[in-house]
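Participant: Residue numbers (the working numbering): 1020 to 1281.
Cβ coordinates follow ideal geometry from the N, Cα and C atoms, glycine included.
If you're wondering where the values come from, they're calculated on a predicted model, not measured in any experiment.
1) As an exercise, report each continuous alpha helix (DSSP H) stretch of at least 4 residues that is fully enclosed by the segment 1180-1238, in chain order.
2) Judging by CA-CA distance, which residue of 1028, 1080, 1031 and 1023 is the nearest neighbour of residue 1056?
3) Whose C-alpha, out of 1136, 1146 and 1067, is nearest the C-alpha of residue 1093?
4) Would you check if the distance between the CB atom of residue 1168 and the CB atom of residue 1080 is smaller than 8 Å?
5) Just tell me which of 1201, 1276, 1232 and 1066 has its CA closest to the CA of residue 1099.
6) Would you mind reading off the limits of the alpha helix (DSSP H) that contains residue 1088?
7) Quick test of your reading: residue 1113 and residue 1138, contact by CB under 8 Å. State the CB separation rounded to the nearest angstrom.
8) May I have the straight-line CA-CA distance separating residue 1187 from residue 1269, to the nearest angstrom?
9) Starting from residue 1164, trace the alpha helix (DSSP H) in both directions and tell me its first and last residue.
10) In the DSSP assignment, what are the bridge partners of residue 1140?
11) Would you please state the rounded distance, in angstroms, between the beta carbons of residue 1217 and residue 1239? I believe it to be under 8 Å.
12) What are the residues that DSSP puts in a beta bridge with residue 1100?
13) Suppose you measure from the CA of residue 1196 to the CA of residue 1250; what does that come to, to the nearest Å?
14) Would you list the residues sitting across from residue 1247 in a DSSP beta bridge?
15) Rounding to the nearest angstrom, what Cα-Cα distance links residue 1265 and residue 1126 in this structure?
16) Taking 6 Å as the limit between beta carbons, can you name the residues of its chain near residue 1086, skipping five residues before and five after?
17) Mind checking residue 1037: buried by the 16 CB within 10 Å criterion, or exposed?
18) If you reduce the DSSP assignment to three classes, tell me which class residue 1066 lands in.
19) Hey, residue 1154 and residue 1189: beta-carbon distance below 8 Å or not?
20) Could you tell me how far apart the beta carbons of residue 1228 and residue 1180 are, in whole angstroms, since I believe they sit closer than 8 Å?
21) Starting from the C-beta of residue 1144, find all residues in its chain whose C-beta is less than 7 Å away, skip the five residues before and the five after it, and write them out in chain order.
22) For residue 1219, tell me which candidate among 1236, 1046, 1204 and 1207 has the shortest Cα-Cα distance.
23) Determine whether the beta carbon atoms of residue 1062 and residue 1170 lie at a separation below 8 Å.
24) State buried or exposed for residue 1042, treating a residue as buried only when at least 16 other CB atoms are found within 10 Å of its CB.
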């Protein structure tokens, strides 16, 4: 038998009252008095440009948050992003950003998640300052956080800054598609194309988000993004348009460099 009762203040000793009409706990019997655990407040995640998501994914995110809570101290926020938030289950791993000022053993957390849940998770550890700087200067950061789910609410105001070194580095990555078109799969081609378009739009001082980038891909290459992901492309036509945009984007970065050095 178990009875939940409240500790009351007495004149000489504090006490716990028990109802007389009860089964068990006879007069003179010994009992153990111990505090009950307070109910844990369930925090509702915050959705940013995510209209619908499968309940099973919500469950996975809650379990990942619980694992991080059990293995990390002093973090500020957890932000889920990437293809995991897209409709369906066409994702290879779960991308999340862990905001913390402390150094954490990310690999250990990833291993615990994989062991307990059987899913691969890719954790990016950032402090708040690095995140804000990235959002101001890096189109990939903007694209990542344009669609996300976070444990806690986050609000950020960024000032658009052009950093040609970062942009040039990202652009060089997209050159891989030109050099290795035949050996890349559809998802890799989409990622590199999205990267190129993101930089191109960023140079035009556009606020980058996934929907805008996908729309621009369709406009520039005259092909749906799903065709790219499925690797159903006319190589000659696609590469011709890709090279043209790559050169235009590269020239845009170089123009910024020349203006910056004057």
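Facilitator: A quick look at the data gives this:
1) Complete alpha helix (DSSP H) runs here, min 4: 1183-1198 and 1205-1222.
2) Of 1028, 1080, 1031 and 1023, the residue nearest in Cα terms is 1023.
3) 1146
4) Yes, these two residues count as a Cβ contact at 8 Å.
5) 1066
6) 1074-1090
7) 6 Å
8) So the alpha carbons of these two residues sit roughly 8 Å apart.
9) 1158-1164
10) 1113
11) Not really, about 12 Å apart at Cβ, beyond 8 Å.
12) 1114
13) 12 Å
14) Residue 1247 pairs with nothing; no bridge assigned.
15) 36 Å
16) 1131 and 1132
17) exposed
18) strand
19) no
20) Not really, about 18 Å apart at Cβ, beyond 8 Å.
21) Only residues of its own chain outside the window of five on either side were considered, and among them 1117, 1119, 1123 and 1125 have a CB closer than 7 Å to the CB of residue 1144, listed in chain order.
22) 1236
23) yes
24) exposed
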